[in-house]
Structure formats: C-alpha cells, structure tokens
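Input: a single structure, listed below in structure tokens.
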Amino acid sequence: MKRRTTVRAPGRALLIGLCLAVIALFGLAVTAPADASAGQTHQATSSTVPAWTGTFDSFHSSGWNSGWGLTSDSAQCPIAVGTYSCNWGYENLKPISDATSPAGQALQVTYPAKSGPPSCTVSSSGCVLGGGQFYQDLTSNGQSALASSPTIDLKYAYKFPVGFDFGGKTAGKMPGLYGGPPGCESGGQHCSNGWSTRYMWRGGSSSAPNGELYFYGGSGSGYGADVCLGNWTFPADGNWHTIEQLVNVSTGAVTIWSDGKQVCQVTETFSSPVSGAFFSTFHGGHDTSWSPTKTTTSEFADFSLATNGPQTPAPAGGPAAPSGLAVSAASSSSLNLSWTEANTSDPAVSYKVYEGSTVVATPTTTSATISGLGAGSSHTYTVTAVDASGVESTPSAAVTGSTTGGTGGPATPTGLTVSAPTSSSLNLSWTEANTSDAAVSYKVYEGSSVVATSTTTSATISGLAAGSSHTYTVTAVDASGVESAHSTSATGTTSGSGGGGGGLTASIAKTKDWGSGFTDTVTLTNTSATAVNGWNVQFDLDASENIESAAPASYTSSGTHWTLTNASSDATVAPGASVTFQFSGDYGSAGYLAPTGVTVNGQGSGGGSSPAVPTALTLTGSTASSLGLGWTETNTSDPAVSYKVYEGSTVVATASTTSATISGLTSCTSHTYTVAALDAAGVQSAQSGPVTGTTSGCVNTPATPTGLSVTGSTASSISLGWTETNTSDPAVSYRVYEGGLVVDTPTTTSATISGLTAGSSHTYTLTAVDAAGVESAQSASVTGTTSGSGGGSGFTQALIDSAVAAPPFAWAAPTSSVPRPGTNPANIGEAAVLYYLALVDHQAPGSKATNGTSVDSALLAQVRSLIAGGHEPDADGGLEMWGQAPVAQALLLLKNGPAWSELTAAEQNKVSLLEAAMGYGSNYAYNDANNFSSGICGFGNFSKGNNPNYRDGGVDTEIAAIQFFGASTWDSMLSSFNDATVASQLNAAGLTSAGGCFTTVGSAANSAIARPFVYQGHGSSDLMGLWSVLAGDTFDKTAQSTVSGAHIADGTTSPYDGQCCMGHEFNSTDSSGLRSSALYVFEGWMNVTGSRVVMDVLGNFNPSAASTESQFHIGTLDLKYKLDHGYICVALNQPSILVDDHGNPSTDGPNVKGFLYDWDAYSASGSPQS
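In the working numbering, the protein residues as written are 171 to 1340.
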C-alpha cells in the first residue's frame, strides 16, 4: 500500500472581504477569536449588511446552538412514515482540522454502510441513520435583516474523497436554504408557506454523479422537483469544490454556480421569506437500496451567506461578447458563420460556437463552418469569446439559418385540439399553415410513437382505455417526405372510468424519471353528485418493479398487487373535485411498465371485466431489419379487438390479428417484446410474458478464451496462460486487460506482464481477436500477486545502493560557451538520483544501502550540496528544464518527507527560494498568457509548440511548484513577482546560478511572470487537467516499430503496434526533417512520469480524472520495450546516428540519464498497475 501525504496549505486564507457587503459567514469558514465563548456571534463592521460568523468549537453545546440560532433539537418534523426530530444525526457530524480546507476547519459527515435518513430506519429493516440534518433560524440569533432580505446567497465548499460511495442508486442530498417552518420541505411534505433549495447528487458517473437543484415549493405535491439535472457534477476526487446559489424570493429567480461557473438559472415560486440555512445530507430514499455499501465520509466547509448578490464575482476583465453574428448557407449540409470581435483590453484568443448548450465549433478566427447538417434544416447558434486565461464571455445574440436543398420543409401545424371523447377514442383536429410547401399528410404522435396518419386536418385515435389521459402532437409531411417540427401538445381524457368507485375515476401518469426509478402521479376525480369519503386505489405492477414511497397516501402489497389508501388530509373528495397523490419506485428489468388492472374502491374499469392476457408469444421469423411475432388469444367473454406490442414501455406496433412484424431494426441486434390485448371498450389487459429475438446479419466473432490462469510470478511480473477454443473463426492474437486497459497483445496463448510492484495484486481478463480484427467477449478474470513485500517500498536494493553512493549534486554555472546545465546526460542523471532518493525516503522511511548508509542521510547530503551555492540549476528555460523538473519534483517530495524537519530554517528557505526560482522560469517560458519563447537567461530561442523535450520539463516544474506552495499561494506569488527582489534573495542566499539568470533578464521579466500560470486553458487549481493535457501531447502517435529508417535494433516488433499512443518524438521532425529517437521520447517521459508519481504519492492524482492515462500507459510500455531491445534512431536527417537503449552503450552505460532510477520509481510507486 502506498503511503500518501496530503500537501498542506501554507496557512489559513485571509478573510479579505469583510469590508464588502458579502458576508454572513457561519461555522466552517472563520475561527472565533481566542477569547470568544463557544458559538459566540460577532457583528461585522459593514454598515449596510449585518454579518454573522461562528465556529465549530464546542460543537452542539447549548452555547453553540444559541450562537448559531439552531431550531430546537426536541422539535418534531413529519417524515414519509410518521414524525422524527427535525435536527438529527449529530453522532455522524464531527468538526475536524483540515489544512487543505478553505478555512483550515471542516465538518466531517459519516454515512455508515446500509444507512439513510430517519424514514429509512423506520421503514426498512437493517437501515441505520446516516448523514445528518439541522435547521438554522436566522431570526433567533439577531439576523432578522438577513431573513427579511428578498435576496439571499449561500455558498459553501465540499469535498468527496476518491472512492466515495454515492449509494446503490447514486442519489443523495446536499445542504441548501429553506423558508417557512422546518419540516415543510422534505420527505414528500409540503406547506403553503414552506420551500427549500437543497441540492442532490442523482445518477450519472459513480465517481462524479450529476448535480441538480432539488426544489420543494409551497404549492407542490409529492417529492421535490428535479431542476437543472446534469448541468454540473459532484466529483469524488479528494479536492475541495464550491457550490453557490442566489435566491430572490420576490422574483423567484434562482442562479447556481459550481466551482465559480454559472450552471443553472431558473425561476421558481417562493411562498415565504428565507428562514435560514438547511444543512441536510444523506443517501436519499426510504430503504437500503439507496444506501452506501461501505462506510464513507464527506467534508463541508466555508459556509457563507450574503444579501447583495453573488459571492462569486464575474470573471475579472473578461473578453467582451462577440457582436454581429451572421449566418449564410454554405451547402445542403453546412452553414457559414461570421462575427466581429469587440475591441477591448482583454482580447479573445479563441471562440466557442454553441447550438443550444452544445459546443459545435472552437475556431481561433472570427468565422466558422458547421458541417454535417441535414438538407433544408434550420439551426440557431450563439458564440462566445475566450481569452488567454480561459475566461469565457457571455454569449452573443442568437442567429438562425437553414441549409440549402430539400424543400425547406412544410410549416408546423397549429391549433391542435382534442374533442368528442368516448370511452375508447379521442378526436383530434388542427390547422395547416398556408405556405408554398403544402402538407400532403400528417403524423399524430403520442410521445415518440406515431399513433395515426391522416391526409386531412383531423384524426380519431381508437382503442384507448376508459378514463385514460393522452397527450398528442402532430407533424406535417410534404410531397418530398420532409417532416415539419412537432406542434404544441394537446391532452384529452376518454370518458368512463379508468378504475372507478363511488363516482371516482382514476388516471395515472409517469411524471418523473431519474434513470433508475420513476414517480407516477394519480389523479382521482369525483364525477358524481355526492362526496366520496375514503378511497383506495389498487393495481398490478410487473414482478420486477416495486414502490418505495407514496405521499400523501399509504401503501401495502401482496406479490405484484399494490393497494394505496388515502391519508386523512385527502380522504374526502367533493363532487366535481379532484385529489392528487404520487408514488415512487424502481424500474423493473424491462424498464418502466405502467400499472395495469386499476380499480378504485374495488370497482374496475367501467365496472366490467378486462380481456385475457395473450399467451404463447413466439418469434416467427427474422431478417436483418425485422422480427416477426405471433401469439394466442385466450377465449373469454371479453374478447380482444386489437393488440399492442411493447419493447420495454414503448408501443412499437399495433395489430388487429394475433401476429405482427417489427421493422426498421438494426442488423444483429437483440430485442425483447411483450404484447397486451384491448377489448371493444378500450380496456387493456396486463402484458404477456416476454420473448427475445435477434435480427440476422451478425458478423462472426471468435470464441472467448477459456482456462485463463496465473502460471508464474516474480517480484515485478505475472505470467498468464490460457486455452483457445477451436472454432471456424480462429484467433490470430489476444488482448490482456487489467480493468479497461490493454496491458499486452500476445499472439500465442501465454503472456508475461512486467513492470509491476513487489507484493501487488492484479486482476486480468482476456479477449481473442480474429483476422478481421473482430474481438471476442472477455474471459473470466484471474488474479495474481507478485512476490516480495509491497506497501510502496518495492524499490530495487541495487539502485538504492547506487543512488546512495552517487557523487554530490554539483552543476556548473552556465556560460555562453559551455553547454547549458540540464542538457548534459550526466546532469540529468544527477537530477534523477536526487529525485529517486527523495521518493524512497518519502515512501519507505528508514531505507538503507547495503553498506548501512541511510537513504535519509544521503538525501540530506545531496540537498545540502545542491543549495551550497553555484551548484543549482540556473532556472533558465529550454533544454535546462530536462534536468530542472526532477530537481523540482525532488524538492517537493523532500518538503513532504521525513528529511524536511532535519534541515535548518535557513536551509528550508534556500530550498523554497530555488523551487520558486525554477517555477518562475517555467512560468516565463510556458505560460499561455505571454508571447515569450526564450529562457530567463536568454540562452537561445525555442518553440512553445509540441516539443516534449522542452515543454515537459517546464510544465512539470510548474506542476511541482504549484504543489510545493499550494495553488492559490503560488498564483499570488506569481502575481506579485518582482525580478529585482527575486534576484536579490537568490544571490543573498548564495544561489548565484539561479540568481544570475534573474539579474541578466532584469525588469523585462516582470510583465511576463506576474500573472497566474495557464497551460492550454488549465490553471494552477486544475492539476489533473494540466497533467492530462501534458501526457496527451507527449504520447499522441499511433505505435509503430518502424518509422522510415528508424527501427527496433533486434528486428522484433513492439507488442503495442497499432495502439494509441506512442511517444511524440518517435515520429516528429527537426530542422532537417524526420526525427525518431527513443532517447528524446525518454527525456519527455521522465518528467511527465515524475509528475504522475509525485502527484500519486502525495494524494493529488485522481485516475478517474486522468483522461489521457491510457495513452500515457501504452506509450510508457512501448518506450520500455524499445529501450530494452535497442532502437536505431534517425535525427538531423542522419539514419542510424546512434542506438538508443538506456544510454550510449559504448560510453555511458545503461543508467547515465537515470533511466533505471526513473523506471524503478515508476514501477514501485506510480505505475497504474500498482
């Protein structure tokens, strides 16, 4: 297991904004003065907005409760099943110190396995209380001005660790605001004067689920409304994130920012002023199917309230919105766009073209062509400007254009109405818009299904259930078959009862869908002249569906039959009146299936019987695009007159006989169908049992390999063997997977996976690939473990001995006539020694060389030589950065390892000065925000383009500095940079090589360095984005064993040929043409790999956010193979200039550039296999 150390921020953030009318900070953001009593409140000095601050000292004491203005802990609130304490779960809430949090303190929330809210513990056996909840009452602690403000802004920080368990259904609550009394805004409860604006994580990725505003309003029913679902995510990456909402209770406007970016803007109805903050977090639902499967924790911090607008400022400066957006038709499949850039002090460097919320182009000029469009189709676009810092403007005015070709399409029908209902039919009518492209027919839709076609402006829809509600749209079709857009919808209800009892009719409609479950709304209408007192609704659900909650109603079940009974609040239904309730449940195996056999107070549809369920549903035939079905009708007194064929919950065919053909299918696809019968009154039976069929046209697929087993292991490798199944489609190669990553591609029935960590466990699966490239399904998995001890200490003893014995770090001062430090192979090797010693000391404290010398003492000796004066890197750009990056990475590990405390304060200061100097040089050379393409010392010019040998060293040095100082502190250091001050500090500390560079460049560096670092749109706060872009650029070629004259020395073929991705420098150019060199690839690899290893061991690397991890890993293995087998390179237009292995074998030996140190570090601590 790796030993991880969290990078600690240098200090708590200063509360700079108290003089602004922002602040009503509560709890986690500010620590009270030392003489303040627990929970004491303090008025801010602002004269316009009363501010309140507090801490979590003496958490949940009477003083803390009073200072916070918490509602009474004894108060009871209604839940879905009875009542429970409004404030609950304090046993799961714990204040902790967290130096990484915005204010140094956080509230840790625990969610035990099989936990949920109080309703889960009451209604589900084995459910325990998870998360917690409490209400703040602003009026009870002197904050009435906050409570009476029409606008209120709540912002806080949260952190979900990597691996956080978001629950079985990926759904749970997050804190927000509330109005009215507690208990009126959760658990299906509503009050006319209550509302809440909590958030939810709901659906999507298990490591970064979708976010939404979960809104409860005073006039609502059932559960909360899902608002802006999927507009942002709640990532479990171990980093702090912010979420903010601005609510205006007067206008109903709600705006949400996630990590400072606006993600939602809607209008809701608020029935009362704000009451306060609603701290509420748990895995949502009334049984353990929603619960986490393991105990998991989150953290919350830095809560704040404001009354005068958002606390997230608009981007400083920011580019102006483009103007004059115009569109013209380029062809039948494309449109041309052009616009004007507004002249401002913050010019745009690129643009984003949007169609709706989707980016469809990212040009760098003021024009774009959008291709791949349909003939005669209409499209509406906006455009935004993006500046050099990645700040995006507001959108331009929208413009709409249509492609050429087609007929332009008929106009959309208008005036759709529903009339003349019977118990089994509805009449529709509409108006055709008079245009030059007249309609010749119409299609009537219910949802996405065509239920009727007509050549006139009317249609009758038959075969409907009595008392059922239906919503339709209609489209027009012209003589060329071009279809218009859908009309506005119209809804109608057939007469009679869809389940009647004592004058009550019932209609049931699905009103909410979150991917794994649903909410149905039931409306009961009293069509009689007398009141109905008491009711129950009964129906059947598919055996794989279930109901989890109902409100306001109770429910019971017997097998697949469900009964819902009125609550006391809506038992009486007056003549002509209606009552509404909801129930929520999980999807069945076939998706959502509507209730069948509905009765109200024991009376069925129309008071009569329903047709029998069809039987013996079978597949009668198949083609590449269709499937034939047949079934049997059971003879009863209520015969069927028609049938509906379902795929899931969608009607895919209607038939008047006992057969149907489903057309328009894709070849070699599987489909599962059921069928239901309808009688003359439109009453529908339950659905039949399913049948599954597959269309023809399938391609031959090799058989899945069998017998996968571990045949051997060493401290760094696992060997596998398996059996090929003999079929008519034999395998020609295999792919070995670890998780979703291909780790080997053998052509025989065995493989050895190398480069693993000692004592580490690995699980593999296998596929077969035939001559056509078709891949089989994956085999059963097998798990193997390498020999030796694990725990992050699997470093090679011989290399530890070599590093401990290495001479002291001593680079020569640069001169114009001497190769720059960092370009010499020996210099790079010295940097690798320093990095390797720092990593071993961090990961395996107490390690020693065979002669008894400790790694810790060797590291200290190297560091003291490095900072002795005149031995250090010169902080210049370009080739020096090959060697600077491992030095910067070593100093970062040093600061977070045991040797740091053994340095004196003066020595620590020198290390910090050197780390900053190298970071300043990197910012000068590689920041997107400047135009410089030379080093601080001015030794030569170089391109900022895709040259990994230069760029990887610079950007990786910057990544190290960001972690060494912390992102916000580092950006602040850059912004306040002064060349004269830095040069003076370095020279005074004796660091004259670095100091000399800043003395040379002088004040010219100020304008280039004094700005936050941005690389390809990613800043200091986005380490994973920086690394992912860098790794993707370093490994961006398709793997090849031969590139023109360059080739693997022993004539073998890389097992990764044809895969993505190979190192860029295996197929690039220099001033004379083609360049293909394993050494150049290594020089880029060693730095980006160093960043990956260091980020990983410090807990800052999130594999799920590493979008180019697969590219990096394949490129790494391909490079290792070519170094091991030798590579004949081409450079400066000279074929066979040298053999690339681990160095020049005739003079350098295999480790002159430290390759063996870098590979051992990667294998022991940073490999994705470990």
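A virtual CB, placed ideally from N, CA and C, is assigned to each residue, including glycine.
Quick caveat, the model's predicted, so the values are computed rather than measured.
| said: Assuming Thr554 and Tyr521 are in contact, meaning their beta carbons sit under 8 Å apart, how far apart are those beta carbons, in whole angstroms? | reply: That belief holds up - the Cβ atoms of Thr554 and Tyr521 are roughly 7 Å apart, short of 8 Å.
| field | Spatial neighbours of Pro287 in its chain, beta-carbon cut-off 6 Å, leaving aside the 5 residues before and after | value | In the same chain as Pro287, and ignoring 5 residues on each side of it, the C-beta atoms closer than 6 Å to its own belong to Phe452, in chain order.
| Taking the alpha helix (DSSP H) that Ser356 falls in, what are its first and last residues? | Run containing Ser356: none; DSSP gives neither H nor E here.
| said: Taking a contact to mean a Cβ-Cβ separation below 8 Å, would you say Thr1204 touches Asp1122 in this structure? | reply: Yes. Within cutoff.
| Identity of the residues DSSP links to Thr570 by a beta bridge | Note: Thr570 sits in a beta bridge opposite Thr550.
| said: I'd like the list of long-range same chain contacts for Val620, defined as Cβ closer than 6 Å, with 5 residues on each side in sequence excluded. | reply: Short of 6 Å from the beta carbon of Val620, and not among the five residues preceding or following it, lie these beta carbons of its own chain, in chain order: Lys613.
| query | Which stretch, first to last residue, makes up the alpha helix (DSSP H) that contains Thr340? | reply | Bounds of any alpha helix (DSSP H) do not take in Thr340, whose DSSP letter is neither H nor E.
| Expected contact under 8 Å - CB spacing of Ser502 and Thr587 to nearest Å | Under the criterion of beta carbons closer than 8 Å, Ser502 and Thr587 do not qualify as touching, at roughly 36 Å.
| field | Same chain, Cβ closer than 6 Å to Glu1042, neighbours up to 5 away in sequence not counted | value | Listed in chain order, the non-local C-beta contacts of Glu1042 below 6 Å within the same chain comprise Leu1036, Leu1084, Leu1161, Ser1163, Ala1164, local neighbours out to five positions each way being set aside.
| task | Compute the Euclidean distance between the alpha carbons of Tyr1226 and Ala873, then round it to the nearest angstrom. | result | One Cα belongs to Tyr1226, the other to Ala873, and the distance between them is close to 23 Å.
| field | Those residues which DSSP pairs with Gly1189 across a bridge | value | Beta-bridge pairing links Gly1189 to Val1184.
| chain B within 8 Å of Ile413, Cβ atoms only | Looking at the structure shown, chain B is missing, and only one protein chain is on hand.
| message | With H, G and I counted as helix, E and B as strand and the rest as coil, what does DSSP make of Ser1017? | response | Correct three-state label for Ser1017: coil.
| task | Kindly indicate which three-state DSSP category Phe965 falls into: helix, strand or coil? | result | Judged by DSSP in its simplified three-state form, Phe965 adopts coil rather than helix or strand.
| request: Decide if Val869 is buried, meaning its Cβ has at least 16 other Cβ atoms within 10 Å, or exposed. | output: Per the 10 Å Cβ criterion, exposed.
| field | Gly1324 versus Val912 - alpha carbon distance | value | Computed Cα separation, rounded: 28 Å.
| message | Considering only DSSP beta bridges, list what Gln1356 is partnered with. | response | Because the chain in this structure spans residues 171 to 1340, residue 1356 falls outside the shown range and cannot be described.
| field | Bounding residues of the beta strand (DSSP E) (the contiguous stretch that carries Ala447) | value | According to the DSSP assignment, Ala447 belongs to the beta strand (DSSP E) that extends over 444-451.
| How far does the beta strand (DSSP E) with Glu382 in it reach, from first residue to last? | 379-386 is the span of the beta strand (DSSP E), which, as asked, contains Glu382.
| message | According to DSSP, simplified to helix, strand and coil, what is Cys1231? | response | Three-state DSSP puts Cys1231 in a strand.
| Residue from Ile1284, Gln1133, Gly1228 with nearest C-alpha to Val1267 | Looking at Ile1284, Gln1133, Gly1228, the one whose alpha-carbon comes closest to that of Val1267 is Gln1133.
| Residue(s) in a DSSP beta bridge with Pro265 | Assignment of beta-bridge partners to Pro265 by DSSP yields Leu277.
| message | Going by the DSSP bridge assignment, what does Cys247 pair with across the sheet? | response | Under the DSSP definition of a beta bridge, Cys247 partners with Tyr254.
| query | Should Tyr348 and Gly446 be called a contact, given that it needs their Cβ atoms to be closer than 8 Å? | reply | Between Tyr348 and Gly446, the C-beta gap is smaller than 8 Å, which places the two residues in contact.
| message | Rounded to the nearest angstrom, what separates Ala531 and Ala490 at their Cα positions? | response | Between Ala531 and Ala490, the C-alpha separation is close to 19 Å.
| task | Using the Cα positions of Pro875 and Val944, report the straight-line distance between them to the nearest angstrom. | result | In a straight line, the C-alpha of Pro875 is about 14 Å away from that of Val944.
| said: Let's see if you can read the secondary structure: which residues bound the alpha helix (DSSP H) around Phe470? | reply: Segment 466-476 is the beta strand (DSSP E) holding Phe470; no alpha helix (DSSP H) there.
| field | Environment of Gln1054 [buried if 16+ CB atoms lie within 10 Å] | value | Buried.
| Enclosing alpha helix (DSSP H) for Thr1283 [first to last residue] | Here residue 1283 turns out to be His, not Thr, going by the sequence shown. Following the DSSP letters along the chain, one finds His1283 inside the alpha helix (DSSP H) bounded by residues 1279-1295.
| Which of helix, strand or coil DSSP assigns to Val332 | Collapsing the DSSP output to three states places Val332 in coil.
| request: Take Gly704 and list the residues in its own chain whose beta-carbon comes closer than 7 Å to its own, dropping the five residues that flank it on each side. | output: Taking C-beta separations shorter than 7 Å and ignoring five residues to either side along the sequence, the partners of Gly704 in its chain run Asn736, Ala741, following chain order.
| request: Could you work out which residue in Trp460, Ser1211, Val1057 is closest to Lys343 when comparing CA atoms only? | output: The option with the nearest alpha carbon to Lys343 is Trp460.
| request: List the DSSP bridge partners of Gly296. | output: According to DSSP, residue pairing for Gly296 in a beta bridge does not occur.
| In three-state terms, what does DSSP make of Gly1260? | Note: Gly1260 maps to helix in three-state DSSP.
| query | Under a three-way DSSP split, which group does Trp981 fall into? | reply | Trp981 falls in the coil class under three-state DSSP.
| task | For my contact list, Gly274 and Asp268 are in at a C-beta cut-off of 8 Å; report their separation, rounded to the angstrom. | result | Contact flag correct, Cβ pair sits at about 7 Å.
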